[in-house]
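Residue numbers (the working numbering), protein chains in the order written: chain A, -2 to 139; chain B, -2 to 139. For reference, the structure is listed below as structure tokens.
There are 2 protein chains.
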Amino acid sequence: MFLGRFSHNLDAKGRLAIPAKFRAAVADGLVVTRGIDRCLSVYPLAAWQSFADRLSALSKTDSDVRLFQRMVFAEAMDEVLDGQGRIVVPPELRRYAGIEREATIVGMNTHIEIWEPARWEALSAAVEDEGASIAQRLADLI
Amino acid sequence: MFLGRFSHNLDAKGRLAIPAKFRAAVADGLVVTRGIDRCLSVYPLAAWQSFADRLSALSKTDSDVRLFQRMVFAEAMDEVLDGQGRIVVPPELRRYAGIEREATIVGMNTHIEIWEPARWEALSAAVEDEGASIAQRLADLI
DNA sequence: ACCGACTTCCCCACTTATCCCCACTTCCAC
DNA sequence: GTGGAAGTGGGGATAAGTGGGGAAGTCGGT
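In structure tokens form, the structure reads like this:
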């Protein structure tokens, strides 16, 4: 269960510390890849397997499906935490998410997202304005 | 079953004592997050799980769903009581609810709410005046 | 094939924040 | 009045975040 929001810095070598609360859940490996909305997604190995299986099962006759599969799989990177609980964020993914030094790490229950801070702030501000109406719309779904 | 209203103080480290009557129900963990109307909500772990599972199950292809998930999960924090029956209220959540030193803790049957005292007072006063009419409007719902 | 340069990984060190434990005071119950 | 539990506060130990250095492996060039 990933919950909470954290601000960590990448060092000169592109390493990013995973919050201590999250480390146990990704201790046996993780996969970092492109997420939706220009963020990065980090999945525990087991969760990644089921996600990848479902994505692979989609109809390949749909061009959008193929595009999405390529986006996800091509840039995916499987890693393990180093001794200090960090991962290396590949330059390709850093560029995709616009991350340079600071990063906002967000728990999303089943997976982790990594954001460029300003981008996350923009999202957060949008919710301040529209949050109530979104909650209203989703209320009957939950 | 959470009932009653309590006034406790946060100490310099942002710790807040949970009323003794409530501790057994959250002994195996709790989640504190943003509530509606600028209060904080505290859920026992089990209750939170069922809510989180339903929210996670929604389709991530809907951008409103993603937005809502991000706000709910990012601002939530799972904790356990310390030896004195306290929790730490993270600074972001304190700011959201406007809580500084004093806090009003309210039992809401299934969960707990934490309020900035003045805000709670205003709400309470409004209910004293309009209670009957509110009840009237809800009459057919109950 | 050998040498050199670069990258990558691992380990160590420092600063800061967090957690845990202990102690005091107050309030309620007996 | 006395005992116990609950609320409050502070201090010390421990872990977390961050940065840098060194060894090993890889790649390219000579």
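Virtual Cβ for every residue (Gly too), placed ideally from N, Cα, C. None of these values were measured; they are calculated from a predicted model.
What is the C-beta distance between residue i and residue j, in whole angstroms, given that I count them as a contact (C-beta under 8 Å)?
| i | j | result |
| --- | --- | --- |
| Glu72/B | Glu89/B | 7 Å |
| Gly11/A | Val85/A | 5 Å |
| Arg31/A | Met68/A | 6 Å |
| Arg63/B | Lys57/B | 6 Å |
| Asp61/B | Ile131/A | 5 Å |
| Gly82/A | Arg20/A | 5 Å |
| Ala44/A | Thr107/A | 6 Å |
What does a CB cutoff of less than 6 Å around residue i pick up in its chain, not counting 5 residues either side in sequence?
| i | result |
| --- | --- |
| Trp117/A | Thr101 |
| Asp75/B | Val28 |
| Leu0/A | Gly104 |
| Leu55/A | Val62 |
| Gln133/B | none |
| Gly95/A | Glu113 |
| Gln46/B | none |
| Leu9/A | At residue 9/A the sequence reads Ala, which differs from the Leu that was named. Answer for Ala9/A: no residue qualifies. |
| Ser121/B | none |
Output the boundary residues of the alpha helix (DSSP H) element that contains residue i.
| i | result |
| --- | --- |
| Arg20/B | Ala17 to Arg20 |
With respect to the beta strand (DSSP E) encompassing residue i, which residues constitute its N-terminal and C-terminal limits?
| i | result |
| --- | --- |
| Arg12/B | Arg12 to Ala14 |
| Leu138/B | Element bounds for Leu138/B: n/a, residue is neither H nor E. |
| Arg31/A | Leu27 to Arg31 |
| Leu7/B | Leu7/B -> no beta strand (DSSP E), and no H or E assigned at all. |
| Val23/B | First-last for Val23/B: undefined, no H or E at that position. |
| Leu37/A | Leu37 to Pro41 |
Looking at the ligand HEM, does it come within less than 6 Å of residue i, judged from the CB to the closest heavy atom?
| i | result |
| --- | --- |
| His5/A | With respect to small molecules bound, the structure shown includes none, and the ligand HEM cannot be examined in it. |
Kindly list the residues whose CB is nearer than 7 Å to the CB of residue i, restricted to its own chain and excluding five residues on each side of it in sequence; keep chain order.
| i | result |
| --- | --- |
| His5/B | Leu13, Ala14, Ala100 and Ile102 |
| Pro41/A | Ala22, Val23 and Leu27 |
| Asp25/A | Leu42 |
| Ala17/A | Gly82 |
| Met156/A | Look at the range of chain A in this structure, -2 to 139, and you will see that residue 156/A is not part of it. |
| Phe70/A | none |
| Ala129/B | none |
Apart from the five residues on each side of it in sequence, which residues of its chain come closer than 8 Å, Cβ to Cβ, to residue i?
| i | result |
| --- | --- |
| Ser53/A | Gln66 |
| Leu7/B | Leu13, Val86, Arg91, Ile96, Glu97, Arg98, Glu99 and Ala100 |
| Val124/B | Ile131 |
Whole runs of the beta strand (DSSP E) within the region 99 to 125 of chain B, excluding any shorter than 3 residues: Listed in chain order, the beta strand (DSSP E) elements of length 3 or more contained wholly in the region 99 to 125 of chain B are 99 to 105 and 108 to 112.
Continuous alpha helix (DSSP H) assignments of at least 4 residues falling wholly in the region 49 to 99 of chain B: Within the region 49 to 99 of chain B, the complete alpha helix (DSSP H) runs of at least 4 residues are 60 to 71 and 88 to 94.
Contact between the region 25 to 40 of chain A and the region 105 to 114 of chain A (3+ Cβ pairs under 8 Å): Result yes; three or more Cβ-Cβ pairs closer than 8 Å.
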